[in-house]
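According to mature numbering (1 follows the signal peptide of the UniProt record, and there is no 0), the residues represented by the sequence shown are -23 to -1, 1 to 498, in order.
All remarks here apply to the structure that follows.
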Amino acid sequence: MPRSAWLLLPLLLTVAVPNPAVGQSNLSEWVKLAEHARDLEHLQQANARLSGDVDALGTQVRELQLKLAEATKDAAALKDKVDWQDKRVADLSTYAGLLGAMIALLALIAAFAGFVSVKSLARRTAEDWLSQEAAKLRLQLAALEQQAEALRQRQADAHVDLDKTQQEVEEHRRALIRSVTEFSRLTAEQRDAVLQQAAAARAKPETAYTATDWIARASKAIAEGKLEVARELLDEALAAEGHADADRAQMMVMRGYVLGELGQGQDAIAVYDEIDHRFGAHSEPALLEHAAKAIVNKGIMLGRLGRPQEEIAVYEEADRRFAAHGDPAVLQQLAKALVNKGVTLNEVGRSQEEIAAYEEVERRFGARSEATLLAQVAKALVNKAITLGELGKPQEEIAVYDEVLERFGTRSEAVLLEEVARAFVNKGITLGQLDRPQEEIALYDEVLSRFGARGEAALLEQVARALVSKGSRLGRLDRLQEAIAVYDEVLGRFGAREEKPLQALVERARTSRAELLDAKD
């Protein structure tokens, strides 16, 4: 029913009902009914709208269900497609690996083919070049072979030279050790060689010692004044087997020397006689050298025992036996024998014969070039000068010293410089005796300047002599403070030295210094 009809209904009812009371009551009911009808209509309209909405939602749900079904199908299809793609990728990876291997193989084949091609081309080119340059190459190869051979020869020669040099160094070291005869007068080189070899020997057991080891250790003990130690070492060495004759002779000479220094002169002479008996008839120079040393040392020992005539006889025997020998080491012992003969002749008052002995040394060996022989010549000249001074011939004495200085003053060998230093000091003393003190002092200063920095005990002994003599001269000139300073220098330089000659000079300086101090007080 339209809404307007519902609104007109109460009016229609009022007109139709004649009874007002009844009409009023019915009208109220009808009004309510109309309101309910109107509400119902509203509800129906709302329901209709809701039904439409529900239908629309149902339609949307169905559409979504359809889309979901389609999406599910699409997802399944997509999964199948992905699985297929994965499989395809795996297949492609496999194919790619195979393809890479094939490419590498093809590249290798291509490279090999290229190499073969290039090699073939290079071979053909080289063959062509070699065929064109064969003669030139043969010449070059021949030259290279010659150069290679020369280099090989030079290398071989270098090895030979190196071996020779090493051998020479070793022989030189052994010679230095074995040349030790006056053990209180070792040169710096001899001392170093002895100390090095002795240190090396101490680092190994005695059962492994060589003769050189024994000699070095004994020489070191002798140089240090440890004579009992040296004797024990030499006894052990000589008791051992296997030594060469030259080594055994050297050790026997050393043993005789040690016994003599220990005051056992007769035992020393017995050792020297044994050496002469065992080795004196040999033709080998090294053995003859030791036999000659033994004879010379025997003469020295006879002189110490107060038997000068027997001593002179021994030196003359050495002259008869070795005068014609040409070996420098043997001749050195002969020259020493002649010099020692002159010294002994002086001691028995036979000065002219003494001078003749010195002049014989000069005549025989003065033109030699060996320093060891020239050292005996220089010693003979210095001794001759001393004897001339004792005979009251100071000018002749000075002239001989000057000859020594002129002939040997520029030499560098310690054995010669010792005699040069002696000549300087002795000439200074003689000038002092001639009342020429300034020249005297100048010579002492020259000795200090030239030899003060040397390490050889024999040279330092002459330096100490020069200083002590200078101090003595300054004291006599009443230059007491300067004299004391010189003696102080002697004490400072040599006070700690162990060599007996130096110790004696240090004691002289100490005594003279004390006397000057007392004189000042």
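All C-beta atoms, glycine included, are put in the ideal place defined by N, C-alpha and C.
Exercise. When the Cβ atoms of the segment 372 to 380 are set against those of the segment 340 to 350, are three or more pairs found closer than 8 Å?
Worked result: no
Exercise. VAL483 to ALA441, Cα distance in whole Å?
Worked result: If I take the Cα positions, the gap works out to 8 Å.
Exercise. Between the C-alpha atoms of ASP422 and HIS259, what's the straight-line distance to the nearest angstrom?
Worked result: 49 Å
Exercise. Which first and last residues belong to the alpha helix (DSSP H) in which TYR292 is found?
Worked result: Segment 285 to 299, the alpha helix (DSSP H) holding TYR292.
For this session: Assign LEU55 to one of three DSSP states: helix, strand, or coil.
Result: Below a pLDDT of 50, predicted positions are generally treated as unreliable, and LEU55, at 47, falls in that range; no measurement from the model is reported.
Exercise. Going by the beta-carbon positions, is the gap between VAL402 and GLN372 smaller than 7 Å?
Worked result: No, the pair does not count as a contact, with Cβ atoms beyond the cut-off.
Problem set entry | Cut-off 8 Å between Cβ atoms - residues of its own chain near LEU215, not counting five sequence neighbours on either side | ARG225, MET228, MET229, ARG232
For this session: Reducing DSSP to helix, strand and coil, say where ASP253 ends up.
Result: helix
For this session: With DSSP as the reference, label LYS447 as helix, strand or coil.
Result: helix
Exercise. For ASP222, which residues of its own chain have a beta-carbon under 7 Å away from its beta-carbon, when the five flanking residues on both sides are left out?
Worked result: PHE256, LEU264
For this session: Check whether the Cβ atoms of ALA245 and ILE272 lie closer than 7 Å to each other.
Result: no
Exercise. Out of curiosity, what's the CA-to-CA distance linking LEU479 and ASP253?
Worked result: Cα to Cα, the separation comes out at about 34 Å.
Exercise. My guess is that VAL316 and GLN353 are in contact by the Cβ rule of under 8 Å, so how many angstroms apart are they, rounded?
Worked result: 6 Å
Problem set entry | DSSP state of ASP304 mapped onto helix, strand, coil | coil
Exercise. Over what stretch of residues does the alpha helix (DSSP H) that includes VAL415 continue unbroken?
Worked result: Going by the sequence as given, residue 415 is Gln instead of Val. 414 to 428 is the span of the alpha helix (DSSP H), which, as asked, contains GLN415.
Problem set entry | Start-to-end residues for the alpha helix (DSSP H) that takes in ILE395 | Looking at the sequence provided, one finds Glu at residue 395 rather than Ile. Element bounds for GLU395: 391 to 410.
Exercise. Taking Cβ positions, are LEU211 and ALA185 nearer each other than 7 Å?
Worked result: One thing to note: LEU211 has its Cβ no nearer than 7 Å to the Cβ of ALA185.
For this session: My understanding is that GLU466 touches LEU444, with C-beta atoms under 8 Å, so please give their C-beta distance in whole angstroms.
Result: 6 Å
Problem set entry | Rounded straight-line distance, which links the Cα of LEU394 to that of ARG431 | 10 Å
Exercise. Is ARG179 helix, strand or coil by DSSP?
Worked result: helix
Problem set entry | Residues near GLU288 in its chain [Cβ-Cβ closer than 6 Å; skip 5 each side] | GLY276, LEU279, GLY280, THR321, listed in sequence order.
For this session: For LEU493, I'd like the list of residues in its chain whose CB is within less than 7 Å of its CB, leaving aside the five on either flank, ordered along the chain.
Result: A distance below 7 Å between beta-carbons, with the five flanking residues on each side excluded, links LEU493 to the following residues of its chain, in chain order: GLY452, LEU457, ALA460, ILE461.
Exercise. Considering only the beta carbon of each residue, do LEU282 and LEU239 sit closer than 7 Å?
Worked result: no
Problem set entry | Inter-residue Cα distance where the pair is GLN286 and GLU396 | C-alpha separation (whole angstroms): 27 Å.
Exercise. Alpha carbon to alpha carbon, how far is ALA496 from ARG490?
Worked result: 10 Å
Exercise. If you count every other CB in all the chains shown that lies within 10 Å of the CB of GLU261, and 16 or more means buried, which is it?
Worked result: Sixteen is the threshold: since fewer than 16 other Cβ atoms of the shown chains lie within 10 Å of the Cβ of GLU261, the residue is exposed.
Problem set entry | CB of ALA269 within 7 Å of CB of VAL307, strictly | yes
Problem set entry | GLU374 to LEU368 span [Cα, whole Å] | 9 Å
Exercise. Which first and last residues belong to the alpha helix (DSSP H) in which SER328 is found?
Worked result: 328 to 342
Exercise. Would you say LEU408 and GLU416 are within 7 Å of each other, going by their C-beta atoms?
Worked result: yes
For this session: Count the other C-beta atoms from every protein chain shown that fall within 10 angstroms of the C-beta of SER446, then say buried if there are 16 or more, exposed otherwise.
Result: buried
For this session: Excluding the 5 residues preceding and the 5 following VAL248 in the sequence, name in chain order all residues of the same chain whose CB lies nearer than 7 Å to its CB.
Result: MET229, ARG232, GLY233, LEU236
Exercise. What are the start and end residues of the alpha helix (DSSP H) that includes LYS275?
Worked result: 262 to 281
For this session: Kindly say whether HIS220, judged by its beta-carbon, lies nearer than 7 Å to any beta-carbon of chain C.
Result: No chain C appears in this structure, which consists of one protein chain only.
For this session: Could you check if GLN410 is buried or exposed, using at least 16 other CB atoms within 10 Å of its CB as the buried criterion?
Result: exposed
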